[in-house]
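Each residue of the sequence shown is one higher than the one before, counting from 1126 in this note's numbering. Report on one structure; see the data block that follows.
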Amino acid sequence: MKVQLCLLVLCSAACAFAGKLPSFITPCSRSDPQLNTCIEKVISAAGAKFTEGIPELNIAPLDPVQLGTVFVDNPSLKLTFSDTVVTGLRGFRVNSYKINMEKGKATLDFTANVTLKAHYVMDGQILILPIRGNGQSKIKITNLNIVIKYDFDEKDGHWTVPSYKDHYKMDRAQFKFTNLFGGNKELAQTTERFANENWEIIMNEIAGPIFKQIISKCVDQVKLFFDAVPALELLP
Ligand SMILES: *[C@@H]1O[C@H](CO)[C@@H](O)[C@H](O)[C@H]1NC(C)=O
1126 MKVQLCLLVL CSAACAFAGK LPSFITPCSR SDPQLNTCIE KVISAAGAKF TEGIPELNIA
1186 PLDPVQLGTV FVDNPSLKLT FSDTVVTGLR GFRVNSYKIN MEKGKATLDF TANVTLKAHY
1246 VMDGQILILP IRGNGQSKIK ITNLNIVIKY DFDEKDGHWT VPSYKDHYKM DRAQFKFTNL
1306 FGGNKELAQT TERFANENWE IIMNEIAGPI FKQIISKCVD QVKLFFDAVP ALELLP
């Protein structure tokens, strides 16, 4: 009985917001002949606010986004990031948006400058150079370009996203690691410089697990958003 009452109270709190498009979003009409351009503009205009999170709809912030622990487990390099936080997504720029209503497919292409900060523990080598340490790390990524191709369906008046594919690339990454080699300054400086000169090789090793998590956090929030706001309100 108590449980049911609880659920009822919870539902009336949650349901009061259901079907409410946040006021910072001005929806496009699905019969707009320039639907792609219209949605592209809506995402550009509302995106930064969306990344702050929408507590009434249970949408968590995407800037900063907490990734928790990220493991990189390659034959040549073991690396663990913990308390990982990524900032910068709010400044994203939409490159393009394409939707095919009949096929239930859409593609979002965007670029952002992001910074990852985490505690790190690392042991292994990059190319032929050993690298080892335990401290704070910062990775600045310039023009991280993410393309998400997703499928969507409509169920009970809401969009669902049964699957998606992602692709990413970047212009540059810069690393800062404190306490490399237990604080051996000279060795640390040389290694950090070497790492920054060879950023592409390092990012090839470590980018996978990091970006998979960033992208899945973004997709999760969009799914929650689709759960909260009916498709007909998002695209009347
Ligand atoms: C990222 O930063 C670079 C230079 O620091 C700038 O040229 C570029 O426009 C920025 N990208 C975005 C998406 O803001």
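From the three backbone atoms N, C-alpha and C, an ideal C-beta is built for every residue, glycine too.
Assignment of Thr-1162 by DSSP, reduced to helix, strand and coil, places it in the helix class. A direct Cα-to-Cα measurement between Gln-1299 and Trp-1324 gives close to 7 Å. A Cβ-Cβ distance of about 24 Å is found for the pair His-1283 and Asp-1234, leaving them out of contact under the 8 Å criterion. With a minimum length of 3 residues, the unbroken runs of beta strand (DSSP E) contained wholly in the stretch 1200-1279 fall at 1202-1212, 1218-1225 and 1230-1251. Assignment of Pro-1287 by DSSP, reduced to helix, strand and coil, places it in the strand class.
Contact annotation, Pro-1147 with Leu-1359: C-beta distance approximately 11 Å; criterion of less than 8 Å not satisfied.
Shown here, Asp-1157 sits in coil according to DSSP, grouped into three states, outside any helix or strand. Residue pairing from DSSP places Arg-1297 in a beta bridge opposite Thr-1267.
Taking each of Pro-1186, Val-1347 and Ser-1154 in turn and checking the Cα distance to Tyr-1275, the smallest one comes out for Val-1347. At the C-beta level, Asn-1304 and Gly-1260 come within 8 Å of one another. With a beta-carbon spacing of about 6 Å, Ile-1168 and Tyr-1222 fall inside the 8 Å limit used to define contacts. Assigned with DSSP and collapsed to three states, Phe-1319 falls in helix.
Remark: C-beta atoms of Leu-1192 and Thr-1209 approach each other more closely than 8 Å. Each residue's CA atom was taken as its position, placing Glu-1330 and Glu-1279 some 38 Å apart. Nearest to Asp-1188 by C-alpha distance, out of Val-1197, Glu-1177 and Phe-1149, is Glu-1177. Taking Ile-1340 as the centre and dropping the five residues before and after it, the same chain places the C-beta of Ile-1271, Ile-1273 and Asp-1291 closer than 7 Å to its C-beta, in chain order. At least one heavy atom of ligand 1 lies closer than 7 Å to the C-beta of Arg-1218.
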